[in-house]
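Report on the structure given below.
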Amino acid sequence: MEKLFKTVSFMSATLVMVLLASIFFSLFHTAKPAIEEYGFGFIKEKAWDEEVPIENDIAATPVKKEEPKAAVSSDDDDLASMLAGNTSDVPTKTVYGGLIPIVGTLLSTLIAMIFALPIAMGIAVFLAEIAPKQISNIVGIAIELLAAIPSIIFGMWGLFYFAPIVQSFVGGYQVSLLTAGLVLGVMILPFMAAITRDSMRTTPDVLKESAYALGATKFEVIKDIIFPYSKAGIIGSVILALGRALGETMAVAFLIGSVFSLPTSLTSPTVSIPVAMANSFGEATGMKTSALFYLAFLLFIISFAVISIAKFYFLRKDNK
Amino acid sequence: MKKLALLAPLAALMVTTSSLSAADFKGSGATFPYSVYQAWIGSYHKATGKEIDYIGKGSSAGIKDASARAVDFAGTDAALSPKELAAAKLYQFPGVVGAITMSYNIPHVNLKLSRAAISEIALGKAAYWDDKVIAEANKGVKLPHQKITFVHRADGSGTTFNFTYYLSKISPEWKSTYGVQKELNWPGDHHVGGKGNTGVAAQIKQTPYSIGYVDYADAKENKLEMATIQNKAGEFVAPTLKAFQAAAAKADLDPKKDFFAAIADPDGKGVYPIVAATFILVPTDAKEMDKKVTAFYDWSYKNGDADASKLGYVPLPNELVKKIQTYWAEKGIK
Numbered sequence: 001m002e003k004l005f006k007t008v009s010f011m012s013a014t015l016v017m018v019l020l021a022s023i024f025f026s027l028f029h030t031a032k033p034a035i036e037e038y039g040f041g042f043i044k045e046k047a048w049d050e051e052v053p054i055e056n057d058i059a060a061t062p063v064k065k066e067e068p069k070a071a072v073s074s075d076d077d078d079l080a081s082m083l084a085g086n087t088s089d090v091p092t093k094t095v096y097g098g099l100i101p102i103v104g105t106l107l108s109t110l111i112a113m114i115f116a117l118p119i120a121m122g123i124a125v126f127l128a129e130i131a132p133k134q135i136s137n138i139v140g141i142a143i144e145l146l147a148a149i150p151s152i153i154f155g156m157w158g159l160f161y162f163a164p165i166v167q168s169f170v171g172g173y174q175v176s177l178l179t180a181g182l183v184l185g186v187m188i189l190p191f192m193a194a195i196t197r198d199s200m201r202t203t204p205d206v207l208k209e210s211a212y213a214l215g216a217t218k219f220e221v222i223k224d225i226i227f228p229y230s231k232a233g234i235i236g237s238v239i240l241a242l243g244r245a246l247g248e249t250m251a252v253a254f255l256i257g258s259v260f261s262l263p264t265s266l267t268s269p270t271v272s273i274p275v276a277m278a279n280s281f282g283e284a285t286g287m288k289t290s291a292l293f294y295l296a297f298l299l300f301i302i303s304f305a306v307i308s309i310a311k312f313y314f315l316r317k318d319n320k
Numbered sequence: 001m002k003k004l005a006l007l008a009p010l011a012a013l014m015v016t017t018s019s020l021s022a023a024d025f026k027g028s029g030a031t032f033p034y035s036v037y038q039a040w041i042g043s044y045h046k047a048t049g050k051e052i053d054y055i056g057k058g059s060s061a062g063i064k065d066a067s068a069r070a071v072d073f074a075g076t077d078a079a080l081s082p083k084e085l086a087a088a089k090l091y092q093f094p095g096v097v098g099a100i101t102m103s104y105n106i107p108h109v110n111l112k113l114s115r116a117a118i119s120e121i122a123l124g125k126a127a128y129w130d131d132k133v134i135a136e137a138n139k140g141v142k143l144p145h146q147k148i149t150f151v152h153r154a155d156g157s158g159t160t161f162n163f164t165y166y167l168s169k170i171s172p173e174w175k176s177t178y179g180v181q182k183e184l185n186w187p188g189d190h191h192v193g194g195k196g197n198t199g200v201a202a203q204i205k206q207t208p209y210s211i212g213y214v215d216y217a218d219a220k221e222n223k224l225e226m227a228t229i230q231n232k233a234g235e236f237v238a239p240t241l242k243a244f245q246a247a248a249a250k251a252d253l254d255p256k257k258d259f260f261a262a263i264a265d266p267d268g269k270g271v272y273p274i275v276a277a278t279f280i281l282v283p284t285d286a287k288e289m290d291k292k293v294t295a296f297y298d299w300s301y302k303n304g305d306a307d308a309s310k311l312g313y314v315p316l317p318n319e320l321v322k323k324i325q326t327y328w329a330e331k332g333i334k
């Protein structure tokens, strides 16, 4: 029995590693054509799905479509001639770049964190230390319910009710970076609040009581005893919330506006990586699919980097 | 032994799920005709007891599925050319016709849009509602000096494909710059994308001084104001079922080319210009199965008119149905 238990738990742990590695490699593999085509310049390229003339490319004379011209041009309105698209003689290629979705993802996550972090901390402190038990229980359940709401519901609520409110305060577009960021903030709030509260509650009473005995005020106890003690838990909650905010798709897809342009203000519509993928995947072929996978691959790396930096930087101090 | 015991219920589960999804035949693809296909599938089931699955995945996914023989039929809003059909070994015929409206949100204005106005708005050139190009067709109407917010689909869609086809027909500039696409970066600097038809409809409803293209079924359901639009003959035609039918009757769909065409902006009087046909693909090498699919569509052409009209789609005109039946007979899939 001991041995079986050990094997099963070992297998579960390995499974995670195998899954992670296989996702990484399959993303990389499908993205490979785009990676080879655009290289690292992809990250700072603003164009997405734009045709640009090829600059004197000697090696490859572009394969001209050898459509029998006569058949097409006889009927000017023929669908085929329109599908052939660009009518000029300059050979073109389609350029995909990731700058706008990357910026959109990072900014919407940043807005969400700025909005949610202080509120989540406030809720957690209130629930763990200040509120009477009954109120703490009721609010606690409400927070947990908020965490259980599916993201599509946040999306619809945001679109139909929240977006007009945001617009009436700050103007601009209803669906924008700001609206998406705020709704994202509401979505990650319960995670941060609930986990932070739980870790605050693990502070031993002995520590708190000693501080009070030395004449510390409630604020000082919270600041100097509870926060330092539950730091690891708080950072853990922030990391979980970051992960969710970076990858959130459905709610953001309804709210960010899905326009491939760099946001000029908080209320401009823009696009994020998961939204670009959700919108374009169904109809994508060839290089576009590959470019979308490149974006997915980058999101994977961004999430990984953000989370490991957060973990490494904040938790390192603990081990001093 | 233990492993086997674990596997047994799993195996049982797999057997039950596979027997549960045993539809007589299944399809996937375009979402534009999804609601009318579902209605037809329901009625057909009541009439014949046959079970059909249709999953709305999007036109491109449908084409991929049909080419890979993952489904028995596929729906696509963008017709395939005879060449593409031959390469993928598919037959093609039209399923139903729908209309796309220019829905807008301007309080107390009955909007008329000329052909020039629509293309200028889509190109992002007409910035304000009282722009000359819009005002010309709306004499006596006080248009507000407000910025136009153009709302478009954010996700790839057949609605966008057919709308950009229409734009290509009315505007040479659109044709040479953007052409016909399922998804594109819209020009201009005052536009916003909505997710799905629901998203676009909600944006228009909630954003004053906005306009966008929404399929008739969704515009009707969301009670959006729909603009009266100038057709090729120069008349201004309101979006009504009668005007859609008049347009569908003019549709030039040629069985010799496997019906390869888009039908927007037809000639003739009283026609509503922004109409779209959506198509069915079936494999050339599964004729017995194809016969079941064509039997379903044959039944739907005959008995599905009420369902289609109720949902805001246009039943195919009788002449076209005859052409399709001949096409089936020629290919041996009737």
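Residue numbers (this note's numbering), protein chains in the order written: chain A, 1 to 320; chain H, 1 to 334.
Using N, Cα and C, we set each Cβ at its ideal position, and we do this for glycine too.
Given residue i as reference, the closest of the options once Cα atoms are compared
i: Met-289(H); options: Leu-123(H), Thr-31(H), Gly-49(H) and Arg-69(H); result: Arg-69(H)
i: Lys-112(H); options: Gly-56(H), Ile-170(H), Ala-227(H) and Lys-257(H); result: Ala-227(H)
i: Asp-254(H); options: Ala-30(H), Pro-94(H) and Asn-303(H); result: Pro-94(H)
i: Glu-50(A); options: Leu-241(H), Gln-181(H), Gly-194(H) and Ala-117(H); result: Gln-181(H)
i: Lys-250(H); options: Leu-241(H), Lys-242(H), Thr-240(H) and Ile-263(H); result: Ile-263(H)
i: Met-187(A); options: Phe-28(A), Val-103(A), Gly-39(A) and Leu-117(A); result: Leu-117(A)
i: Asp-265(H); options: Asp-252(H), Lys-257(H), Lys-256(H) and Phe-259(H); result: Asp-252(H)
Within chain H, the residues that residue i reaches when beta carbons sit closer than 7 Å
i: Phe-160(A); result: Ala-202
i: Ala-245(A); result: Here the premise fails: no neighbours, minimum Cβ distance about 19 Å.
i: Pro-164(A); result: Gln-206
i: Ala-142(A); result: Per Cβ cutoff of 7 Å: no residues; Ala-142(A) is ~27 Å from chain H at best.
i: Tyr-253(A); result: The sequence shown places Ala at residue 253(A), rather than the Tyr named in the question. What Ala-253(A) touches in chain H: Lys-195.
Residue-chain proximity (residue i, chain H), Cβ-Cβ < 9 Å
i: Ile-309(A); result: no
i: Tyr-294(A); result: no
i: Trp-48(A); result: yes
i: Val-52(A); result: no
i: Ala-291(A); result: no
i: Lys-69(A); result: Unreliable positioning characterises Lys-69(A) in this predicted model, as indicated by a pLDDT of 38, which lies under 50. A coordinate reading is not provided.
i: Val-275(A); result: yes
DSSP beta-bridge partners of residue i
i: Phe-293(A); result: Its beta-bridge partners do not exist; DSSP assigns none.
i: Thr-94(A); result: Glu-51(A)
i: Asn-303(H); result: None; Asn-303(H) has no bridge partner.
i: Asp-215(H); result: Ile-100(H)
i: Gln-230(H); result: Phe-236(H)
i: Phe-279(H); result: Thr-76(H) and Pro-94(H)
i: Ser-210(H); result: Asn-105(H) and Thr-149(H)
i: Ser-28(H); result: Ile-55(H) and Ala-74(H)
i: Thr-270(A); result: Gly-257(A)
i: Tyr-128(H); result: Lys-147(H)
i: Val-192(H); result: Val-151(H)
i: Val-314(H); result: Val-97(H)
Rounded C-alpha distance that separates residue i from residue j
i: Ala-296(A); j: Val-237(H); result: 46 Å
i: Glu-248(A); j: Ala-305(A); result: 17 Å
i: Ile-301(A); j: Gly-42(H); result: 46 Å
i: Tyr-229(A); j: Met-121(A); result: 14 Å
i: Lys-269(H); j: Thr-101(H); result: 18 Å
i: Ala-253(A); j: Thr-177(H); result: 27 Å
i: Asp-53(H); j: Ala-135(H); result: 48 Å
i: Phe-244(H); j: Phe-32(H); result: 16 Å
i: Lys-26(H); j: Phe-73(H); result: 7 Å
i: Gly-156(H); j: Gly-196(H); result: 9 Å
i: Met-200(A); j: Ile-309(A); result: 23 Å
i: Ser-59(H); j: Asn-185(H); result: 19 Å
i: Asp-305(H); j: Ala-126(H); result: 39 Å
Beta-carbon neighbours of residue i, restricted to chain A and to distances below 8 Å
i: Glu-183(H); result: Asp-49, Asn-279, Ser-280 and Glu-283
i: Ser-60(H); result: Gly-282, Glu-283, Ala-284 and Thr-285
i: Lys-57(H); result: Gly-282
Residue-level contact to chain A via CB, residue i, 9 Å cutoff
i: Thr-159(H); result: no
i: Thr-149(H); result: yes
i: Gly-199(H); result: yes
i: Asp-258(H); result: no
i: Asp-189(H); result: yes
Contact set between residue i and chain A, taken where Cβ atoms lie within less than 7 Å
i: Ala-192(H); result: This sequence places Val at residue 192(H); Ala is not what is there. By Cβ distance, chain A contributes Tyr-173, Val-175, Gly-257, Val-259 and Pro-269.
i: Ala-154(H); result: Ser-258 and Asn-279
i: Gly-234(H); result: The premise fails here: Gly-234(H) is roughly 18 Å from chain A at the closest Cβ pair, so nothing lies under 7 Å.
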